[in-house]
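First up is the structure itself, then whatever we jot down about it.
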Amino acid sequence: METQLDPMKDDLPLMANTSYMLVKHYVLDLDVDFKGKVIEGSIVLFFEPGSQYRKTSSTGKECCQSQFDETCEMRASEPCHIPTINVNTCSSKMEYNCFAVSGKEEEATSEENSNHSNNEQASGISSSKDRCDIENHGNKDFLLVLDCCDLCVIKVEEVDVAAVSGIEKFTRPAKLTGVSQELENLRNQIVHELVTLPADRWKEQLYYFTHCSKAPGCGELLFSTGTWSLEIRKSGIQTPADFPHAIRIWYKTKPEGRSVTWTTDQSGRPCVYTMGSPINNRALFPCQEPPIALSTWQASVQTAADFVVLMSGENSAEPVELREGILRWYYYVSMPMPASTFTIAVGCWQEVKQQSFKQTAAVETNTEFSLPSSQTDFRWHEEICGHVEYPCRFQNPAARLQAVIPYRVFAPWCLMESCEEYLLQLIPQCLSAAYATLGTHPFSRLDVLIVPSNFSSLGMASPHIIFLSQSVLPGGSHLCGTRLCHEIAHAWFGLAIGARDWTEEWISEGFATFLEDIFWARAQQQLSHDEIKGQQELKALLRWRRLRDEVQNSEEELQVLRPKKESTGELSESGASVVKYGLKAEKIFMQVHYLKGYFLLRSLARTIGEVSYLASLRKFIVKFHGQLVLSQDFLSMLLEDVPKQK
């Protein structure tokens, strides 16, 4: 049976039907408008059929799928198989957040290949002609569901990837000899070949993703928006395999959208950034939110020349002048990750640079080849990685010896001195301590940004970038260092290894809280063993008191590490699910998952012995990096290493 989602409750619905269509790559082309407080432009999504469709296709059986569409309701008496929409049951009085078609977008659509008028398609309303065509050629169209809210979707169109120069290399001649070969199948074949290129051709892949994203449109698609979703269909297309595998969505955010916050920095300059919203990025771009939807992305962002654009991309972007006063920033990632990890911050940030180069160089030289405490851990690197193929640092000999990855610090002008005094000195020490504990850094670089004062937590980690609160700066080296260590730990636990079910957030936060103590102890080389142990015991006592107070003063159901119990990690047949209590307001301020997770791991370390325990952690990282896990994955491996504790 399908999970019935009720968006009005405290649970966060993940609507995307990832079991039928899976995004493999996003290409964003965005313009940041500070005057209107909107981000607008287009996003191109490249798809592959999902696992459920491939499974049902091979067995010849279809699976039941219920839709959560506010504008179209299925008849209960009619069986619904692959996620389809019965057009006969759709009301013609559909309402949408907003829609429009600009001249620019009309030009981008090939009128010769478009079956419908802009007026019909931009609003997502099908004409009577469409309905008649569907009745004549079959009742049900496949419905693509994306996670989306607080967005103004303007137009959705199919992308003619076959029009790209040089794309012929991604076609298989043997399959194209038949005169009846449809152009649609050719386009989907091209996308399939492109998204499945081997990892050593990732630069070529990125090149063609870029050019395909700029290809002309070849027909607009019907769409409708609900509270939590964007639903798209193509008239007459009934299966995911036949649905366009490359689509372009023209849209803009809303000033009140909950994925980003528009504010001013500590120097009074305007800025906008993703602040770790409970709804993640669905109010920034239409996407597939379920963690299982691992994808790569690339983004071009235009903004006024006064602003710096920082993102969670693996490259350190250098701006290109488009025209006077306007710069374009380009970022990309080659490691597939959930859409929730996409991060952007646009503001008048200043880069904080070390005044004494010699001091920084000395720190890096001392730590550059500091190996993990057990060099025998490197034998696990010889194993084949268990993740989907991508250019993996764990297979790169140079990366495996890099104790301090390249880093930069950005801040508002008024905080630069504080950052130089404390933060800049601590980063190489903390990075080196993390490497000495866990081994290979999963990501190739690190930006650290001091975010505006409205940031609601002390820090937030994303791939290649960490947001830190200004509150850590007055605390001196200790507060700044421990928080930095916590966020650096998320590179391994939370990012390189993610939770398959977001309700198991302890896998991220519990590990980061436990490891921050280990990292910080190694970063403070001037302290004795007894001083470090005393420091850790004091922190454990303070955490215990905080946990006790929270347990006594919060709802019991919010204190459970695995609130979905035996159903943790389970999805509906479509791939849709809910994050239990994901929208509950008080949960944002709770630390029970941090603290319970910390004490669980601390207890295991004491039982097994810290040396053996950390060796098991490193083994776990090597086996599961680039993958999603559940609690039992970690516990099972740990007990394999120490069977006498089972």
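full-length UniProt numbering puts the sequence shown at residues 1 to 646.
The beta carbon of each residue, even a glycine, is placed where N, CA and C say it ideally should be.
Being a predicted model, the structure only gives us computed values, none of them experimental.
Bridge-paired residues (DSSP) for residue i
i, result
"tyrosine 207", "Its beta-bridge partners do not exist; DSSP assigns none."
"methionine 21", "Pro49"
"tryptophan 262", "Val272"
"serine 224", "Glu231"
"glutamate 351", "Phe410"
"proline 13", "Val578"
"methionine 311", "Ile344"
"tryptophan 297", "Tyr26 and Val333"
"methionine 460", "Phe467"
Buried or exposed (CB count within 10 angstroms, at least 16 for buried), residue i
i, result
"glutamine 526", "exposed"
"asparagine 280", "buried"
"glutamine 607", "Reading the sequence as shown, one finds threonine at residue 607 and not glutamine. Classification of threonine 607: exposed, given that the 10 Å Cβ count is below 16."
"aspartate 200", "exposed"
"alanine 305", "exposed"
"glycine 325", "exposed"
"phenylalanine 624", "buried"
"proline 198", "exposed"
"glycine 219", "buried"
"threonine 513", "buried"
"isoleucine 588", "exposed"
"glutamate 231", "buried"
"alanine 491", "buried"
"lysine 645", "The amino acid occupying residue 645 in the given sequence is glutamine; lysine does not appear at that position. By the 10 Å Cβ count, glutamine 645 comes out exposed."
"valine 409", "buried"
"residue 653", "With the chain covering only 1 through 646, there is no way to say anything about residue 653."
"leucine 595", "buried"
"serine 528", "exposed"
"glycine 386", "exposed"
"lysine 24", "buried"
Distance between residue j and residue i (C-alpha atoms, nearest Å)
i, j, result
"asparagine 17", "arginine 233", "13 Å"
"glycine 124", "aspartate 29", "Legend: pLDDT at glycine 124 = 36, less than 50; position of this residue unreliable, value from coordinates given subsequently. Whole-angstrom Cα-Cα distance: 23 Å."
"serine 42", "arginine 187", "20 Å"
"glycine 226", "glutamate 157", "19 Å"
"residue 649", "glutamine 536", "Any answer about residue 649 is impossible in this case: the structure gives the chain only from 1 up to 646."
"arginine 393", "serine 554", "42 Å"
"isoleucine 384", "isoleucine 167", "31 Å"
"cysteine 414", "leucine 604", "44 Å"
"glycine 165", "alanine 215", "Per the sequence shown, residue 165 should be read as serine rather than glycine. Approximately 10 Å between the Cα atoms of the pair."
"proline 474", "methionine 311", "26 Å"
"arginine 445", "alanine 317", "12 Å"
"glutamine 266", "histidine 486", "24 Å"
"asparagine 136", "glutamine 298", "Low confidence applies here, because asparagine 136 scores a pLDDT of 36, under 50, leaving its location unreliable; read the following figure in that light. Rounded to the nearest angstrom, the two C-alpha atoms are 41 Å apart."
"arginine 602", "asparagine 185", "55 Å"
"threonine 365", "alanine 403", "Legend: pLDDT at threonine 365 = 38, less than 50; position of this residue unreliable, no value from coordinates given."
"aspartate 150", "threonine 253", "7 Å"
"valine 579", "threonine 503", "6 Å"
"leucine 221", "isoleucine 249", "10 Å"
"arginine 548", "methionine 590", "12 Å"
Local conformation of residue i per DSSP, three classes
i, result
"valine 161", "helix"
"methionine 335", "strand"
"aspartate 517", "helix"
"glutamine 627", "strand"
"valine 191", "helix"
"glutamate 62", "Confidence in glutamate 62 is poor, its pLDDT being 41 and thus under 50, which makes the residue's placement too unreliable to answer from."
"threonine 568", "coil"
"isoleucine 465", "strand"
"lysine 140", "strand"
"methionine 637", "helix"
"cysteine 152", "strand"
"threonine 303", "strand"
"valine 622", "helix"
"lysine 252", "strand"
"arginine 201", "helix"
"glycine 476", "helix"
"glutamate 509", "helix"
"aspartate 31", "strand"
"leucine 617", "helix"
Rounded distance between the beta-carbons of residue j and residue i, thought under 8 Å
i, j, result
"leucine 327", "threonine 303", "6 Å"
"phenylalanine 285", "leucine 144", "Not quite, the Cβ-Cβ distance comes to about 15 Å (not below 8 Å), so this is no contact."
"threonine 482", "tryptophan 544", "That belief does not hold up - the Cβ atoms of threonine 482 and tryptophan 544 are roughly 17 Å apart, past 8 Å."
"proline 338", "glycine 498", "6 Å"
"leucine 22", "glutamate 48", "5 Å"
"cysteine 271", "proline 452", "6 Å"
"leucine 558", "lysine 584", "7 Å"
"leucine 617", "leucine 438", "7 Å"
"glutamate 314", "serine 334", "7 Å"
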